[in-house]
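Peer 1: There's a structure below that I have some questions on.
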Amino acid sequence: MAEQASNLPKQSGWQIYRRLLSYSLSKWQYLLLGSIALMFLSGMEALMVYLLGPFIDSSFVEKNYEEIKWIPVALLAIFILRGIANFVGTYLIGFVGAFVTKTLRQQMFERAQFLPTNYFDHQATGTLLSKFSYDVEQIIGAAVKSLRSLVEDVFKVIFLLAVMFINNWKLALMFLIVVPLIAVIVGYTSKLFRKFSTKMQKSVGKITHIVEESIIGHRIVKIFGGQQYEIDKFERANERYRRNSMRKITTKAASTPIIHTLVGFVLVAVLAIAARPEIATEETAGGFVSFIIAMIAILTPAKKLTLLNEILQTGIAAGLSVFELIDSEKEKDTASKIMSSCKGSVEYNNVCFKYTSRETKALEHINLTVQSGETVAFVGKSGSGKTTIVNLLPRFYDIDSGSIAIDGVNTIDLSLASLRDQIAIVNQDVILFNDTIANNIAYAQNIDAQDKRVTEAAGAARVLEFTDKLPDKLNTLVGENGVLLSGGQRQRIAIARALLKDAPILIMDEATSSLDTESEQYIQKALELLQKDRTTLVIAHRLSTIEKADRIVVMDKGSIVEIGSHNELLQKDEAYASLYKMQISEPGLTVNA
C-alpha cells in the first residue's frame with residue numbers, strides 16, 4: 147500500500163544496483179566466464195589496432211616483407227577468436243540476465259501472495275501489473291546491457307589506452323584530460339535520467355490501470371457512452387509518458403554530443419601537437435597511425451559508456467519500484483497453532499476496527515457469539531459494517547482491539563493457513579480462474595480435477611445439470627473470470643468449490659441477489675445443502691432471502707443495534723422492521739454493504 151511503501155528505508159542508486167548485482171552473483175560461474183570472454187574480446191580488438199603499427203613500419207617504411215608475413219595470419223586468428231568470444235560472452239551474460247529477470251518476477255509474485263489485503267486496497271491493479279511487466283523489463287537493461295558494457299567497453303577503453311601509452315605516453319596523458327569533465331557531465335545527467343525514468347514508470351502504471359478498467363468495464367463504457375471520456379483519460383496519461391520520455395531523450399541527446407565534442411577537442415589538440423617536429427621525430431609512422439586509430443576506436447566504447455549511464459539509471463529506477471513490492475511487509479502470521487478439528491462456533495469479544503485510510507471506526511465494541519451450525523445473517527445500510535465484521539474472521543484485516551475466537555481459540559493464536567482452512571467463502575461476485583470448470587471446483591485442494599469428489603461436489607451444487615449439455619463437460623474452459631458462463635452457472639461452481647473444501651464455517655456474500663428467479667431457485671437449493679451442519683455467516687442484501695436464518699444481526703454505523711430471528715425483529719418494530727418494510731414497498735431495493 148502507499149503508506150507501507152513510503153515507510154520502507156530509502157535506498158541509494160548504488161545500493162539498488164548492488165542489490166541487483168547480487169542476483170547475478172548467484173550465477174557467478176556464468177558471470178565470470180562471460181566476463182572473461184568479453185575481456186578477451188576487448189583485448190583482441192586492441193591487439194588488432196596495435197598490430198597495425200609494426201605492419202605499417204615493416205611493409206611501407208622498412209619494406210621488410212619477411213617480417214610481416216605472420217601478421218595477416220594473426221589477424222585472421224584474431225577475427226575467429228573474436229567471434230567465439232563474442233558468442234560465449236553474449237550467451238553467458240544473457241543467461242545471467244534471464245535468470246535475474248525470472249528470479250525477480252518469482253519473488254514479486256510470491257510476495258504478492260502473502261501481502262495483506264490492505265496493500266491491495268491502496269494499490270491500483272494497473273500499477274502492480276506494470277511492475278511485473280514494464281519495470282522488470284527495464285531491469286534487464288541494468289542486469290544485461292550495463293553488465294556487458296561494464297566489462298566489454300571498460301576493458302576496451304583500458305586496452306586501447308594501453309596501446310596509446312605504448313606508442314606515445316605523452317600524447318596519451320593529454321587525452322586523459324577530458325576524463326574529469328566527462329565524469330561531471332555523467333554525474334549530473336544520472337540524476338535527471340533516474341528522475342524521468344521514475345516518472346515514466348508511474349505513467350506506465352497509470353496507462354495499464356486505465357486500459358485494464360476500460361476492458362473490464364467495457365459494457366458500462368458502451369452503455370453510458372463513456373468511450374470519449376476513457377479516450378481523453380488515456381490520452382492524458384499517454385501524454386504524461388510522452389513528455390517524460392522526451393525529457394529523458396533531450397537529456398541523452400544533449401549529454402552525448404557534449405562528451406563527443408570534448409573528446410573531439412582533445413583529438414584535434416593531440417594531432418596538432420603530434421605534428422610538431424620535436425614530437426614527430428620521436429614517433430614511427432606505424433606507431434603514430436596505431437595511436438590515432440586507437441584514439442578514434444576508443445570513442446565507440448566511450449560513447450557506449452556514456453549511454454550506459456541512462457541504462458543504469460532506468461534500471462535502478464525500475465529496481466526501486468520492484469524492490470518496494472518485494473520488501474513490503476507480509477501479512478502477520480507469527481502464530482504456529484494448528485486447529486486439528488473444528489466445530490465452528492465463533493465469538494466476537496469487544497471488537498474494534500478502523501481502516502487505515504479512514505478517520506472513523508468501522509466497528510465499535512462488537513460482542514457476538516455464533517453457535518456451531520447456526521446461520522447468522524448481517525444486515526444494515528451501506529457503511530454499517532456488516533461486510534467488515536465478516537472479513538475480520540479470516541483475518542483479511544487485523545482488529546485494533548478485542549478478540550475473535552473459533553471454538554474458544556483466539557484467531558490471532560492460529561496460523562493463517564490453519565485459520566483459513568476452517569472457512570469457505572461464496573461471494574456475490576464470483577471469482578473464477580481462466581481454467582476448466584473442474585479445476586475451478588478443485589482449486590488449491592491438492593486433488594486431481596478428475597477425482598470423483600469433484601464430480602460429487604458438482605452434482606450436489608447442480609453444476610452437472612448444465613455441464614452435461616456441454617461438449618467437454620467439466621473440462622469446459624470458463625474464460626476470464628467465467629465470462630463464458632451465466633451468473634447462475636458461476637454461482638453454482640462457487641458453491642461446488644465450497645462444498646468440496648468442506649470447511650466447518652461458511653461465509654456467504656448473499657449469492658442470489660443478482661440472479662433471475664429460475665437461477666435463484668437452483669442456487670437456493672444448492673445453498674441449503676451447503677449450509678447444512680455448517681456455521682454460516684451471511685452478508686444480506688435482500689432481506690426476503692434471510693427469513694429462515696437462525697438469527698439476524700442488524701448493524702448501524704459500526705455497531706450492533708438489534709439481534710433476533712426474523713419474526714422477533716418484526717415484532718420489535720424497530721430498525722430491522724423499518725428496513726424490511728422499505729424493501730417490501732420497493733421490491734427491487736437492496737441493502738448494500
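In this note's numbering, the protein residues as written are 147 to 739. All C-beta atoms in this analysis are idealised placements derived from N, C-alpha and C, irrespective of residue type, glycine included. Predicted, not measured: the structure shown is a model, and the values here were computed from it.
Which of helix, strand or coil does DSSP assign to A288?
Peer 2: Along the sequence shown, one-based indexing puts residue 288 at 142. It is helical.
Peer 1: Is the beta carbon of E477 sitting closer than 8 angstroms to the one on L620?
Peer 2: Start at 1 with the first residue of the sequence shown, and residue 477 comes out as number 331. Start at 1 with the first residue of the sequence shown, and residue 620 comes out as number 474. No, these two residues do not count as a Cβ contact at 8 angstroms.
Peer 1: Near V600, what residues of its chain come up, given a Cβ to Cβ distance below 6 angstroms and the 5 sequence neighbours on each side ignored?
Peer 2: One-based indexing of the sequence shown puts residue 600 at position 454. Once the five neighbours on either side are set aside, the close Cβ partners of V600 are A584, I587 and A588.
Peer 1: Do V412 and M320 come within 8 angstroms of each other at the CB atom, strictly closer than that value?
Peer 2: Within the sequence shown, the letter at position 174 stands for residue 320. Within the sequence shown, the letter at position 266 stands for residue 412. Yes, the pair counts as a contact, with Cβ atoms nearer than the cut-off.
Peer 1: Report, in whole angstroms, the separation of the C-beta atoms of L454 and S343, which I expect to be a contact under 8 angstroms.
Peer 2: The count along the sequence shown starts at 1 and reaches residue 454 at position 308. The count along the sequence shown starts at 1 and reaches residue 343 at position 197. Contact flag wrong, Cβ pair sits at about 14 angstroms.
Peer 1: Would you identify the three-state DSSP class for E149, choosing helix, strand or coil?
Peer 2: Working through the sequence shown from its first residue, we reach residue 149 at position 3. Residue placement at E149 is poorly supported in this model, since its pLDDT is 47, which falls under 50; the coordinates still yield a value, given next. Of the three classes helix, strand and coil, the one that applies to E149 here is helix, per DSSP.
Peer 1: Spatial neighbours of I706 within its chain, please: CB distance less than 8 angstroms, with the 5 preceding and 5 following residues excluded, ordered by chain position.
Peer 2: By one-based count along the sequence shown, residue 706 stands at place 560. These residues qualify, in order along the chain: I512, N513, L514, V699 and V700.
Peer 1: Using only CA atoms, which one of E385, W315, A551 and L166 lies nearest to L538?
Peer 2: Position 392 of the sequence shown, counting from 1, holds the residue named residue 538. Among E385, W315, A551 and L166, the Cα nearest to that of L538 is on A551.
Peer 1: Tell me the residue span of the alpha helix (DSSP H) that contains H268.
Peer 2: To locate residue 268, count along the sequence shown from 1; it is residue 122. H268 -> no alpha helix (DSSP H), and no H or E assigned at all.
Peer 1: Can you list, in chain order, the residues of its chain whose CB lies under 6 angstroms from that of D559, leaving out five sequence neighbours each side?
Peer 2: The residue labelled residue 559 in the question sits at position 413 within the sequence shown. For D559, where only same-chain residues beyond five positions count, the Cβ hits under 6 angstroms are A481 and K483.
Peer 1: What are the boundary residues of the beta strand (DSSP E) that D655 is part of?
Peer 2: One-based indexing of the sequence shown puts residue 655 at position 509. Where D655 is concerned, the enclosing beta strand (DSSP E) stretches over I651 to D655.
Peer 1: What would DSSP say about D702, mapped onto helix, strand or coil?
Peer 2: In the sequence shown, the residue the question calls residue 702 occupies position 556. If DSSP states are grouped into helix, strand and coil, D702 belongs with the strands.
Peer 1: Within its chain, find whatever has a CB closer than 6 angstroms to the CB of V242; leave out the 5 residues flanking it on each side and keep chain order.
Peer 2: For the purposes of this step, residue 242 is taken as the residue at position 96 of the sequence shown. Closer than 6 angstroms at Cβ, skipping near neighbours: S170, K173, Y176 and L177.
Peer 1: For G287, which residues from the same chain have a beta carbon less than 7 angstroms from its beta carbon, with the 5 sequence-adjacent residues on both sides left out?
Peer 2: Indexing the sequence shown from 1 puts residue 287 at position 141. The residues are I457, T460 and G461.
Peer 1: Find out if the Cβ-Cβ distance for the pair G159, I239 is shorter than 8 angstroms.
Peer 2: Position 13 of the sequence shown, counting from 1, holds the residue named residue 159. Position 93 of the sequence shown, counting from 1, holds the residue named residue 239. Cβ distance not < 8 angstroms, so G159 and I239 don't count as in contact.
Peer 1: Assign F225 to one of three DSSP states: helix, strand, or coil.
Peer 2: Taking the sequence shown and counting its residues from 1, one reaches residue 225 at position 79. In this structure, F225 counts as helix in the three-state DSSP scheme.
Peer 1: Where does F511 fall in DSSP's three states?
Peer 2: Reading the sequence shown from its first residue, position 365 is the one you call residue 511. First, the amino acid is wrong: residue 511 is His here, not Phe. Here H511 sits in strand by DSSP.
Peer 1: Comparing C-alpha positions only, which one of V300, I202 and I577 sits nearest to G433?
Peer 2: Position 287 of the sequence shown, counted from the first residue, corresponds to residue 433. The residue with the shortest Cα to Cα distance from G433 is I202.
Peer 1: Go ahead and pull the three-state DSSP assignment for G531.
Peer 2: Taking the first residue of the sequence shown as position 1, residue 531 is located at position 385. If DSSP states are grouped into helix, strand and coil, G531 belongs with coil.
Peer 1: I'd like the list of long-range same chain contacts for K379, defined as Cβ closer than 7 angstroms, with 5 residues on each side in sequence excluded.
Peer 2: The residue labelled residue 379 in the question sits at position 233 within the sequence shown. Excluding positions up to five away in sequence, the list reads I356.
Peer 1: On the three-state DSSP scale, how would you describe A400?
Peer 2: Here residue 400 refers to the residue found at position 254 when the sequence shown is read from its first residue. Note: A400 maps to helix in three-state DSSP.
Peer 1: Going by beta carbon distance, what residues of the same chain come within less than 8 angstroms of V282, once the five residues before and after it are set aside?
Peer 2: Within the sequence shown, numbered from 1, the residue matching residue 282 stands at position 136. Same-chain partners within the cutoff: T247, L250, R251, M254, A464 and V468.
Peer 1: Helix, strand or coil: which one does DSSP assign to Y589?
Peer 2: Looking up residue 589 in the sequence shown gives position 443. Of the three classes helix, strand and coil, the one that applies to Y589 here is coil, per DSSP.
Peer 1: For L178, which three-state DSSP category applies?
Peer 2: The count along the sequence shown starts at 1 and reaches residue 178 at position 32. Here L178 sits in helix by DSSP.
Peer 1: Check this for me: beta carbons of N313 and G189, under 8 angstroms apart or not?
Peer 2: Taking the sequence shown and counting its residues from 1, the one referred to as residue 313 is at position 167. Taking the sequence shown and counting its residues from 1, the one referred to as residue 189 is at position 43. In this structure, G189 does not lie closer than 8 angstroms to N313 by Cβ.
Peer 1: Name the DSSP bridge partner or partners of K483?
Peer 2: Working through the sequence shown from its first residue, we reach residue 483 at position 337. Paired residues: L560.
Peer 1: Do you know offhand how far I685's Cα is from A570's?
Peer 2: As a working note, residue 685 is residue 539 in the sequence shown. As a working note, residue 570 is residue 424 in the sequence shown. Roughly 14 angstroms between the two C-alpha positions.
Peer 1: By the 10 Å Cβ neighbour count, where 16 or more other Cβ atoms means buried, how is A223 classified, buried or exposed?
Peer 2: Sequence index remark: in the sequence shown, residue 223 carries index 77 (1-based). A223 comes out exposed.
Peer 1: Under the rule that 16 or more other beta-carbon atoms within 10 Å means buried, what is G625, buried or exposed?
Peer 2: For the purposes of this step, residue 625 is taken as the residue at position 479 of the sequence shown. So G625 counts as exposed.
Peer 1: Any beta carbon of chain C sitting closer than 8 angstroms to that of D696?
Peer 2: Here chain C cannot be found, since the structure has a single protein chain.
Peer 1: Could you tell me whether the region 299-311 touches the region 380-392, using the rule of 3 or more Cβ pairs below 8 angstroms?
Peer 2: Taking 8 angstroms as the limit for Cβ pairs, the verdict is that the region 380-392 does not touch the region 299-311.
Peer 1: Alpha carbon to alpha carbon, what distance is there between A644 and T582?
Peer 2: Taking the sequence shown and counting its residues from 1, one reaches residue 582 at position 436. Taking the sequence shown and counting its residues from 1, one reaches residue 644 at position 498. If I take the Cα positions, the gap works out to 16 angstroms.
Peer 1: Whose C-beta lies closer than 7 angstroms to the C-beta of V290 among residues of the same chain, with five residues either side of it excluded?
Peer 2: Reading the sequence shown from its first residue, position 144 is the one you call residue 290. Closer than 7 angstroms at Cβ, skipping near neighbours: I239, G240 and G243.
Peer 1: Grouping DSSP H, G and I as helix and E and B as strand, with all else coil, what is L689?
Peer 2: If you number the sequence shown from 1, residue 689 lands on position 543. Note: L689 maps to helix in three-state DSSP.
Peer 1: Take A640 and list the residues in its own chain whose beta-carbon comes closer than 6 angstroms to its own, dropping the five residues that flank it on each side.
Peer 2: The sequence position of residue 640 within the sequence shown is 494, counting from 1. Correct list, in chain order: V572 and V576.
Peer 1: Just tell me which of E493, K598 and Q596 has its CA closest to the CA of L556.
Peer 2: Working through the sequence shown from its first residue, we reach residue 556 at position 410. Looking at the sequence itself, residue 556 is Asn, so the reference to Leu does not match. Checking every option, the nearest Cα to that of N556 belongs to E493.
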